[in-house]
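Chains as they are written, first to last, in my numbering: chain G, 1 to 260; chain L, 261 to 520. Where is the CB? At the ideal position from N, CA and C, for every residue including glycine. The structure displayed is predicted, hence computed values, not measured ones. The next block holds one structure in the form of structure tokens; read it before the comments.
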């Protein structure tokens, strides 16, 4: 059972996802989203409107907490508890009408993610991960699947363009060892790891608002996340991440990624 | 207005999509789909069960027509009218729980696609294209969007692994000229071209069952499809395909793909 505080924070996180989902759904597949002025683009409007709601609700509920968001930066980031928001993770998917983007809501305690939500507002799918608890998908507990070896693994990455040249070579080396490689998905792919349909997601160039919410979701389903050297992820990580449904596959992936 | 025959064929195609959708939904995200025996794998069971239904319904309704399907090959492929089926286009998406695969149903007349359906049975989204008619998405007419130049285009391909080395270089050359490149999506991406959310899809290695249904969907929304040399697609095409929402972008893409 979570501590009373954590339970209140989980309930708050759920209310946040409800609020952002209502906003993001209004913009999905509207002509306005394909406008691309760099300044006040409708994508930015959707992002900013959702993040504004997430921040306002959180400041009202927990004024002593910090907030890090993709659009509006850091407030009280030195606080014990810091909320981390990405209103639309998977902007390209969002603007092209693919319902595989997501809203990411995380709570970190002393830099470590303890609550994570991956919310897909169009298909109305939500993964909730809480430290010490079983991850839930639309209310039902989920579990990762075992992966007896890399040669049995389905590996996913959103785009080969995430990687610089050295990272791309390392990823290709790992992908060649796996059974199947799949592209696309953004945060949704990490939810599918938690639900036992993917074995590995390997990406680079992520920011804390991209990965903090994923950690409790994957860990609470029996999986593991780390950076490419196998270190646990926190607010200071370098943005190179691995998610593995089977913790043994995490070690195997690190070994291949770090080969000389 | 379609000819009376074509209207009857369109109605039949809709019934086919209803039937295959009911079958495919039963297998989506069931543990059984992740089994991967090469012979009687559950993926194959879902594919075969859906294609069996598609063929049985079609043989009963139009015994003089030909049928080409991914799983069970060709029957009467010399007939004037040939139905072309791919029960699950996007097998990797299907087995990993991403609802961006689709069932493809096409009717060709003398080798030329005249009816196409892209059906996503989980999200219950269906594009219907008919020669000479406006493409419909869940019953409502759709239109592609204009693309004033390649530098404004969002280009999509399911996976860089579709291409051989020369094709990969040609695709990379084209992608560098575009504004954004996105991966994943299979047939669903062609539907998003028809709906005006993507500008280009460029792929290779496709079979007639992968592309015949796409042609009427994209063309009926105001777009265009061709092979990489700009020739119209038919049953004899080589599997290198371009879909463009703006027909002018098709020519521009061919020019870049065929640069020496």
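Within the continuous beta strand (DSSP E) that includes residue i, where are the two ends?
i             : result
residue 106/G : 102-109
residue 91/G  : It is not in any beta strand (DSSP E) - residue 91/G instead sits in the alpha helix (DSSP H) that spans 91-95.
residue 334/L : 333-335
residue 373/L : 372-380
residue 241/G : 241-244
residue 458/L : No beta strand (DSSP E) contains residue 458/L, which DSSP labels as neither H nor E.
residue 142/G : Segment: none, residue 142/G is in no beta strand (DSSP E) and carries neither H nor E.
residue 180/G : 180-183
residue 224/G : 224-227
residue 133/G : Per DSSP, residue 133/G belongs to no beta strand (DSSP E) and is neither H nor E.
residue 417/L : 414-417
residue 69/G  : 66-69
My guess is that residue i and residue j are in contact by the Cβ rule of under 8 Å, so how many angstroms apart are they, rounded?
i             : j             : result
residue 158/G : residue 190/G : No, residue 158/G and residue 190/G are not in contact; Cβ-Cβ is about 10 Å, not under 8 Å.
residue 145/G : residue 245/G : 5 Å
residue 85/G  : residue 104/G : 7 Å
residue 47/G  : residue 87/G  : 5 Å
residue 362/L : residue 477/L : Actually they do not touch by this definition, with Cβ atoms about 11 Å apart.
residue 172/G : residue 200/G : At roughly 14 Å, the Cβ-Cβ gap does not stay under 8 Å, so residue 172/G and residue 200/G are not in contact.
residue 403/L : residue 482/L : 5 Å
residue 501/L : residue 493/L : 6 Å
residue 342/L : residue 326/L : 4 Å
residue 121/G : residue 21/G  : 3 Å
residue 155/G : residue 181/G : 5 Å
On a CA-only basis, which of the options is nearest residue i? Give me that one, please.
i             : options                       : result
residue 496/L : 504/L, 503/L, 486/L and 408/L : 486/L
residue 398/L : 511/L, 455/L, 269/L and 305/L : 455/L
residue 357/L : 287/L, 488/L, 317/L and 266/L : 287/L
residue 51/G  : 65/G, 24/G, 62/G and 30/G     : 24/G
residue 430/L : 413/L, 403/L and 464/L        : 464/L
residue 359/L : 422/L, 467/L and 447/L        : 447/L
residue 467/L : 309/L, 269/L, 333/L and 314/L : 333/L
residue 313/L : 273/L, 289/L and 290/L        : 273/L
residue 177/G : 71/G, 254/G, 7/G and 11/G     : 254/G
residue 408/L : 271/L, 268/L, 512/L and 289/L : 512/L
residue 266/G : 55/G, 63/G, 94/G and 59/G     : Nothing about residue 266/G can be read from this structure; chain G reaches only from 1 to 260.
residue 91/G  : 185/G, 228/G, 109/G and 198/G : 185/G
residue 136/G : 109/G, 59/G, 228/G and 193/G  : 193/G
residue 428/L : 439/L, 387/L and 488/L        : 488/L
residue 29/G  : 165/G, 95/G, 155/G and 123/G  : 95/G
residue 175/G : 202/G, 164/G and 162/G        : 202/G
residue 59/G  : 162/G, 89/G and 9/G           : 9/G
residue 125/G : 140/G, 71/G and 7/G           : 140/G
What are the boundary residues of the alpha helix (DSSP H) that residue i is part of?
i             : result
residue 210/G : 208-211
residue 168/G : 165-177
residue 256/G : 247-257
residue 191/G : 187-194
residue 214/G : 214-219
Any beta-carbon of chain A closer than 8 Å to the one on residue i?
i             : result
residue 414/L : Here the protein chains are G and L, and chain A is not one of them.
Any heavy atom of the ligand SAM closer than 7 Å to the beta-carbon of residue i?
i            : result
residue 22/G : The ligand SAM is not part of this structure, which contains no ligands at all.
Using a Cβ cut-off of 9 Å, which residues of the region 324-356 of chain L contact any Cβ in chain G, in chain order?
So the list reads 352, 353, 355 and 356, given in the order they occur along the chain.
Measuring CB atoms only, is the region 369-376 of chain L touching the region 466-475 of chain L, in the sense that at least three cross pairs come out at less than 8 Å?
Three or more beta-carbon pairs separated by less than 8 Å link the region 369-376 of chain L to the region 466-475 of chain L, which places the two stretches in contact.
Is the region 327-342 of chain L in contact with the region 251-259 of chain G, if contact means three or more CB pairs nearer than 8 Å?
In short, these stretches do not touch, since the Cβ pair count stays below three.
Any chance the region 13-22 of chain G sits against the region 116-128 of chain G, with 3 or more Cβ pairs inside 8 Å?
The answer is yes - the region 116-128 of chain G touches the region 13-22 of chain G, with three or more Cβ pairs under 8 Å.
May I ask you to list, following chain order, the residues of the region 419-432 of chain L that have a beta carbon less than 9 Å from some beta carbon of chain G?
In summary, the residues of the region 419-432 of chain L whose CB is separated from some CB of chain G by less than 9 Å are 419, 420 and 421, in the order they occur in the chain.
For the region 212-234 of chain G, which residues have a CB atom closer than 7 Å to at least one CB atom of chain L, in sequence order?
The region 212-234 of chain G vs chain L, Cβ under 7 Å: nothing.
What are the residues of the region 117-147 of chain G that lie near chain L, defined by any Cβ-Cβ distance shorter than 8 Å?
Those would be 123 and 145, in chain order.
With 7 Å as the limit, tell me which residues of the region 449-462 of chain L have their beta carbon closer than that to any beta carbon of chain G; keep them in chain order.
Going along the region 449-462 of chain L in chain order, one finds 452, 455, 457 and 458 with a Cβ nearer than 7 Å to chain G.
For the region 172-183 of chain G, which residues have a CB atom closer than 7 Å to at least one CB atom of chain L, in sequence order?
If the cut-off is 7 Å between Cβ atoms, the region 172-183 of chain G has 180, 181, 182 and 183 near chain L.
By the 9 Å beta-carbon criterion, what residues does the region 357-371 of chain L contribute toward chain G?
Per Cβ criterion, the list reads 357, 358, 359 and 360.
If the cut-off is 9 Å on Cβ atoms, which residues from the region 239-255 of chain G count as contacting chain L, listed in chain order?
Contact annotation: in the region 239-255 of chain G, no residue has its CB less than 9 Å from a CB in chain L.
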